[in-house]
Amino acid sequence: MAILVTGAAGFIGSNLVRHLLERWPDRRIVGYDLLTYAGHLSNLADVMDHPRHTFVRGDVADRESVAKVFAEHDIDGVMHLAAESHVDRSIVDPMAFVRTNVVGTTVLLQEAARAWEGREGVRFHHVSTDEVFGALGAEGRFDEHTAYGPNSPYSASKAASDHFVRAWHETYGLPVVVTNCTNNYGPYQFPEKLIPVVVTRALAGERVPVYGRGENVRDWLYVGDHCDALALVFEEGATGETYCIGGDAEATNLDLVGMVLDAVDGARGAAVGTSRELIEFVTDRPGHDFRYAMDIAKIRAELGWEPSVGLAEGLARTVDWYLSHREWMEEVQGDQHREFTDSWYGKR
Ligand code: NAD
Ligand code: DAU
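So, in structure tokens, the structure goes:
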């Protein structure tokens, strides 16, 4: 069996490729990625020569390239992660999100349906986000029955892609599963997302920007636990179903940033609390969703999955990883990223 993992050179994709190669000793993994500013082959360095792994550079929105991968690698399963994934960038350049997340997903669906006509035992797993559900107030949690209410161009594009996946199942009978997950963190997360932003800036002695008053709440899941859930849903999830995934680990941004900074201080042998002086409250993100939280009762009851790494342990592992991968941090931050960062934070 050959599994196509799109977005394989990104944060979750590269962790997933590693996880699947170990978990599924009889399956081939074909990684597919455009290598945008967020995708790097160094994320896959240790598996590039693996005998069951092939990497193909390509665009999910390029029909010919996608068709070629299906034809040349005899793909039986798709785990679709390729996306423009950063909310702040979606505010500045929404069309890039429409192109990759909406058009790209639709191209992939169309080519999978074409390649798999009349075939049994195939599956298209669409990897999505809790952000499609919008924002929560102080109470309640999202679940599989929550109505869609996306607020950012990023979440609107992911919501549209979820709807297209559903449409391909209902209209063309494509065997799909969908997962919606909360905030991931861990090794290889690109230094534009909150946790690696805090680590890289603290190490450089730069101000650590916290949007608004840092009162927004996110639920955090260690990336290894997400990969485990994805593999399980791919293997055992019911066709046509959605599974919500989360870490059962809510924190306000200010509390989380404090925990990360303390972990950085601890790992560097500095007095814990020193780096908290770097925190600076800055102009809020427009349309900033207040709170995300996930009810994971369905995946827990039906597939027996639950998170295994707690927030304190996961943050300690993550900070240690970043401290021992400083060259990686430098290498992945190219001109396009620095230009965006200077402009975005320059205005806050
Ligand atoms: P990421 O930005 O680190 O990786 C995305 C990858 O997709 C990159 O390697 C990039 O090169 C690739 N890509 C972008 N455009 C492409 C295109 N047109 N064709 C082919 N490849 C392209 O993102 P991530 O955090 O690893 O997220 C992966 C997926 O998981 C996304 O679909 C995201 O919506 C979803 N998700 C992420 C989180 C999270 O907290 N990071 C949570 C829930 C769901
Ligand atoms: O919920 C899942 C989503 O989590 C994924 O679908 C997205 O791909 C992923 O990027 C993430 O979205 P967020 O917007 O929640 O993540 P981000 O790391 O950008 O921000 C986390 C919180 O921290 C959010 O409330 C905004 C805030 N923040 C972020 C940055 C980058 C800051 O306060 N300062 C910052 O510099």
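So the sequence shown is numbered by my numbering: it starts at 17 and just counts up by one.
Here a beta-carbon is modelled for each residue, glycine too, at the ideal position from N, C-alpha and C.
Beta-carbon separation (whole angstroms), residue i vs residue j, contact threshold 8 Å
| i | j | result |
| --- | --- | --- |
| Ser-173 | Val-118 | 5 Å |
| Cys-442 | Asn-196 | No answer is possible for residue 442: the residues shown for the chain start at 17 and end at 364. |
| Ala-247 | His-35 | 6 Å |
| Ser-291 | Ala-218 | 5 Å |
| Gly-262 | Asp-235 | 5 Å |
| Asp-75 | Leu-50 | 5 Å |
| Val-33 | Leu-60 | 6 Å |
| Val-335 | Val-215 | 6 Å |
Check whether residue i and residue j have beta carbons under 9 Å apart
| i | j | result |
| --- | --- | --- |
| Gly-120 | Arg-333 | no |
| His-179 | Phe-140 | no |
| Glu-160 | Glu-257 | yes |
| Val-192 | Glu-127 | no |
| Arg-371 | Ile-28 | The question about residue 371 has no answer, for the chain in this structure spans 17 to 364. |
| Asn-31 | Tyr-170 | no |
| His-69 | Val-46 | yes |
| Leu-190 | Arg-229 | no |
| Tyr-48 | Ala-98 | yes |
| Arg-301 | Tyr-361 | no |
| Glu-222 | Leu-294 | yes |
| Pro-225 | Met-345 | no |
| His-89 | Val-72 | yes |
| Asn-200 | Val-239 | yes |
| Val-181 | Leu-125 | yes |
| Trp-184 | Ala-129 | yes |
Minimum C-alpha distance to residue i - residue among the options
| i | options | result |
| --- | --- | --- |
| Asp-146 | His-353, Glu-346 and Phe-306 | Phe-306 |
| Met-111 | Gln-205, Ser-81, Ala-77 and Arg-364 | Ala-77 |
| Glu-347 | Gly-23, Ala-54, Arg-39 and Met-17 | Ala-54 |
| Gly-93 | His-142, Glu-80 and Arg-105 | His-142 |
| His-353 | Val-85, Leu-51, Arg-115 and Glu-208 | Glu-208 |
| Ser-168 | Arg-105, Gly-134 and His-185 | Arg-105 |
| Ala-279 | Leu-339, Gly-221 and Glu-296 | Leu-339 |
| Thr-198 | Ala-183, His-89 and Pro-323 | Pro-323 |
| Ala-283 | Val-148, Ala-131, Gly-23 and Leu-331 | Leu-331 |
| Ala-254 | Ala-220, Thr-162 and Leu-319 | Leu-319 |
| Arg-39 | Leu-152, Phe-71, Tyr-238 and Ala-245 | Ala-245 |
| Ser-58 | Phe-206, Gly-156 and Thr-162 | Phe-206 |
| Arg-342 | Val-233, Arg-316, Ala-220 and Phe-149 | Ala-220 |
| Gly-150 | Asp-281, Gly-134, Thr-116 and Val-233 | Val-233 |
| Trp-337 | Thr-116, Val-276 and Ile-315 | Val-276 |
| Met-17 | Asp-264, His-56, Leu-272 and Ile-91 | Ile-91 |
| His-56 | Val-148, Gln-349, Arg-316 and Arg-135 | Gln-349 |
| Leu-152 | His-304, Glu-80, Ala-317 and Leu-237 | His-304 |
Classification of residue i by the beta-carbon crowding that lies within 10 angstroms, buried from 16 upward
| i | result |
| --- | --- |
| Gly-137 | exposed |
| Glu-266 | buried |
| Ala-313 | exposed |
| Thr-299 | exposed |
| Ser-359 | exposed |
| Val-123 | buried |
| Asp-42 | exposed |
| Phe-158 | buried |
| Ala-154 | exposed |
| Thr-187 | exposed |
| Met-64 | exposed |
| Ala-309 | buried |
| Gly-421 | Nothing about residue 421 can be reported from this structure: the residues present for the chain run from 17 to 364 only. |
| Phe-297 | exposed |
| Gly-23 | buried |
| Val-288 | exposed |
| Asp-241 | buried |
| Ala-176 | buried |
Cβ-heavy atom distance, residue i to ligand 3, below 8 Å
| i | result |
| --- | --- |
| Tyr-170 | The ligand content of the structure shown is limited to ligand 1 and ligand 2, which means ligand 3 is not among them. |
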